[in-house]
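Asker:
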Amino acid sequence: MVGAGESAGARSPRGGRPRARGALAAGVLLAAAGCAPPSPAPQREVVDLLQGAWRDVPGVAVDGDALQVTATGRSVLGPDGETRQPDPPLDLAGAHLLVDGDFSLDARLADVTGDATWAVYDRPPVRADEFRIEPPGLRLTLRGDELEVAVLDGSSSEDVTDPRPVHEERVAVDPTAPLAVRRSGGALEVVSDGETVSSTTRGGVVDSGELWLGLSSDDGSFRVTALTATATGAGSLGLAGPAHLSAEPSPEGLQALADRVRPGFRVGAAAALGPLVSDEEYAQELVGDFGAITPENAMKPQSLSPRRGVYTFEEADALLAVAESRGMAVHGHTIAFSEAVPRWMEELPTGSAEERRDSADALLAYVATVVGHFRGRLTSLDVVNEPFDVDQGTGLQENVWYRTFGPDYPAVVSRAVHDADPDVEQYVNENGADVPGPRQDALLELVRRTNALGGHVDGVGLQAHVYDLGTDVISAEDLTATLEALEAAGLRARISELDVTDAEGTAAQAEQYAVVLDTCLRSPTCVAWTTWGVDDRYDWYLDDEGLQQGHDLLFDDGRPTPAHEALVRVLGG
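Each residue of the sequence shown is one higher than the one before, counting from 1 in full-length UniProt numbering.
As structure tokens, then:
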């Protein structure tokens, strides 16, 4: 599966073009898409930003009348499988500011150890599988008596994983003095102790009408004892809640139609918290049409445990809370995976028997903590994701799980998951196994052996990425044969990450979508159907030429595609 973090140079499911997928858009491109901001609350002149927010932000805790910020070490493992891009948290689930005109943001930082970063963006950052794209905004980092000022315009540089500021400087400040960010006309100013220490004419980088704030530390901690927003001049400001609050299930949505045809069958989509809280159209598409959510990145190991023994469940919890409030099922993604792993996990030593025992303890503690945390909230879970090599072979990837436990590591993981949550349905998720062939045979044998060794795997996830209709097409005959083979093995199936290129036209795309859903619906073995994303507005990937937009999903810039209309017909709508 490329959508869950396959390396940029890896092949697509059955030989299509190589690419590293990310189902989120660059900030500058999102702006061009014209996303409607949430409806404003009554305008105010001054807002205390310490109150009523920050509860779902990794590394930020409310401490009396202040915020305590500690380093999380969050990062994104890049397309090369080696470099890591910082992934500092943002206040996504809380209220954010709506601004019209000039403003001043004022803060007091205290007890800084190491460093303290305060970010002001005009929309949530991009968080994709192997990269994060910074949106327009300002980032201030205090180290001792030096303040680093970085202004970003949201455009993609040559290397999207290494964004370069359009304005950057370092200035000397009193680290105990009040700090402010002000926009005045076209200027963006940084003020320390009442004095302007940095000024740029790039004030338009926070001109979307929204302000999203982040607090983080690379290696240390600090306290925020005051944080306020004030409208200045003729400006005004207010607070807005997350966009999903106005979204409701549609009686004619895909899930509602599926309920009439086959009760209990789940139609789902991979989802991310950023667009869900910031884009009303995306939120309505997700909540209106789908009955299940697969967290796109929020439950991968690098997101849940960036440091050994440190867990950052906040964003995943916020995404699950939305699903629970709308009666949507949640498919967890994922436990054992070769990619999207934190540095501590990637570097666990396995050279000696003693090292392997210690590493086994660390990995099993991770499984127990994560699965125990989500116990009772997940319908199903990918306990092993993409076990086979990325070149469409049948050999196991020799990841940290393999190096620690050996080739039967799936059985170890499955038993540990069952111990932590005996009710969650377990799946092994893989690409290139949705049609008969050696890879599918190897997957079935892996699951049989896992269960023979005491595992509890209930089924397999058939990713069904169709990046090239010449090589990746899934026929009704092939998928039927696959589902019959799974049924004979006593296993369930999920279409887990379907997306289809429109390179051959939207009619061919729609036909492929319809074939997969129709075939899945006809098989009692196929219990769920999920597409890897919601709207082409957020469908972006990296290839050898840089950042590219995909057109693979059921909505395009807020409008249903012909593929969506074809699915409605399959479901009798």
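Ideal placement from N, C-alpha and C gives every residue a C-beta, glycine not left out.
How is Pro165 classed by DSSP in three states: helix, strand or coil?
Answerer: Coil.
Asker: I'd like to confirm the pairing. Which residues does DSSP put opposite Asp556 in its beta bridges?
Answerer: BP columns for Asp556 point to Arg559.
Asker: Could you work out which residue in Leu211, Val190, Thr225, Glu252 is closest to Gly573 when comparing CA atoms only?
Answerer: Comparing Cα positions, the closest option is Glu252.
Asker: Roughly how many whole angstroms lie between the Cα atoms of His333 and Gln426?
Answerer: Cα-Cα distance, rounded: 11 Å.
Asker: Would you grab the beta carbon distance between Glu315 and Asp56 for me? Rounded to a whole angstrom, and I think it's under 8 Å.
Answerer: The pair is a contact, with the Cβ atoms about 7 Å apart (cut-off 8 Å).
Asker: Return helix, strand or coil for Val28, following the three-state DSSP convention.
Answerer: In this predicted model, Val28 has a pLDDT of only 35, less than 50, meaning its place in the structure is not dependable; the value taken from the coordinates is given anyway. Reduced to three states, the DSSP call for Val28 is helix.
Asker: What are the boundary residues of the beta strand (DSSP E) that Glu210 is part of?
Answerer: Per DSSP, Glu210 belongs to the beta strand (DSSP E) from 210 to 216.
Asker: What is the DSSP secondary structure of Leu320, reduced to helix, strand or coil?
Answerer: Of the three classes helix, strand and coil, the one that applies to Leu320 here is helix, per DSSP.
Asker: What's the C-alpha gap between Val149 and Glu195?
Answerer: Taking the straight line joining both Cα atoms gives about 15 Å.
Asker: Return helix, strand or coil for Trp532, following the three-state DSSP convention.
Answerer: Note: Trp532 maps to coil in three-state DSSP.
Asker: Tell me whether Pro295 sits in a helix, a strand or coil according to DSSP, three-state version.
Answerer: Note: Pro295 maps to strand in three-state DSSP.
Asker: Grab the span of the alpha helix (DSSP H) containing Ala346 for me, first residue to last.
Answerer: Note on residue identity: the sequence assigns Glu, not Ala, to residue 346. Element bounds for Glu346: 343 to 346.
Asker: Smallest Cα separation from Ala321: which of Gly393, Glu285, Pro242?
Answerer: The candidate whose alpha carbon is nearest that of Ala321 is Pro242.
Asker: Look at the Cβ atom of Asn240, then the Cβ atom of Leu138, and state whether they are nearer than 8 Å.
Answerer: At residue 240 the sequence reads Ala, which differs from the Asn that was named. No. Outside cutoff.
Asker: Could you tell me if Pro524 is buried or exposed, where buried requires 16 or more neighbouring beta carbons within 10 angstroms of its beta carbon?
Answerer: The residue is exposed, with fewer than 16 neighbouring Cβ atoms inside 10 Å.
Asker: With which residues is His456 paired in a DSSP beta bridge?
Answerer: Partner(s): none; His456 has no beta bridge.
Asker: Short check: CB of Ala420 to CB of Val500, under 8 Å?
Answerer: No.
Asker: Does DSSP classify Gly546 as helix, strand or coil?
Answerer: Residue state, collapsed to three classes: strand.
Asker: By the 10 Å Cβ neighbour count, where 16 or more other Cβ atoms means buried, how is Val67 classified, buried or exposed?
Answerer: For the sequence presented, residue 67 should be read as Leu rather than Val. Per the 10 Å Cβ criterion, buried.
Asker: Name, in chain order, the residues that DSSP records as bridge partners for Asp408.
Answerer: In the DSSP output, where bridge partners are listed per residue, Asp408 has none listed.
Asker: What span of residues does the beta strand (DSSP E) with Leu483 cover, start to end?
Answerer: Not the beta strand (DSSP E): Leu483 falls in the alpha helix (DSSP H), residues 476 to 488.
Asker: Work out the CA separation of Ser325 and Arg266 for me, nearest whole Å.
Answerer: Taking the straight line from one Cα to the other gives about 17 Å.
Asker: Excluding five sequence neighbours on each side, which residues of the same chain lie with their C-beta closer than 6 Å to the C-beta of Leu179?
Answerer: The residues are Ala107, Ser192.
Asker: For residue 574, which residues in the same chain have their Cβ closer than 7 Å to its Cβ, ignoring the five residues on either side in sequence?
Answerer: Given a span of 1 to 573 for the chain in the structure shown, any question on residue 574 remains unanswerable.
Asker: Considering only DSSP beta bridges, list what Ala172 is partnered with.
Answerer: Its beta-bridge partners are Glu146.
Asker: Val435 to Leu348, Cα distance in whole Å?
Answerer: C-alpha separation (whole angstroms): 36 Å.
Asker: Measure the alpha-carbon distance for Ala25 versus Asp65 and round it to whole angstroms.
Answerer: The pLDDT assigned to Ala25 is 36, lower than 50, so where the model puts this residue is not dependable, and the model offers no usable value.
Asker: Which residue's Cα is closest to the Cα of Arg84: Glu45, Ala53, Val160, Val287?
Answerer: The residue with the shortest Cα to Cα distance from Arg84 is Val160.
Asker: DSSP has Val76 in a bridge; who is on the other side?
Answerer: Answer is Gln85, bridged to Val76.
Asker: Buried or exposed for Ser352, please, with buried defined as at least 16 other CB atoms from any protein chain shown within 10 angstroms of its CB.
Answerer: It is exposed - the Cβ of Ser352 has fewer than 16 other Cβ atoms within 10 Å.
Asker: Pick helix, strand or coil for Leu443, following the three-state DSSP scheme.
Answerer: Three-state DSSP puts Leu443 in a helix.
Asker: For Thr501, report the span of its beta strand (DSSP E) as first-last.
Answerer: First-last for Thr501: undefined, no H or E at that position.
Asker: Closest to Ala563 by CA distance: which of Thr369, Val460, Val516 is it?
Answerer: The shortest Cα separation from Ala563 among Thr369, Val460, Val516 belongs to Val516.
Asker: Return the CA-CA distance between Gly238 and Leu273, expressed in angstroms with no decimal places.
Answerer: C-alpha separation (whole angstroms): 22 Å.
Asker: Please give me, in chain order, every unbroken run of the beta strand (DSSP E) with length at least 3 that falls completely inside the segment 346 to 418.
Answerer: Qualifying beta strand (DSSP E) stretches, in chain order: 380 to 385.
Asker: How far does the beta strand (DSSP E) with Asp259 in it extend, from its first residue to its last?
Answerer: Looking at the DSSP string, Asp259 is not in any beta strand (DSSP E); the run it does join, the alpha helix (DSSP H), is 254 to 261.
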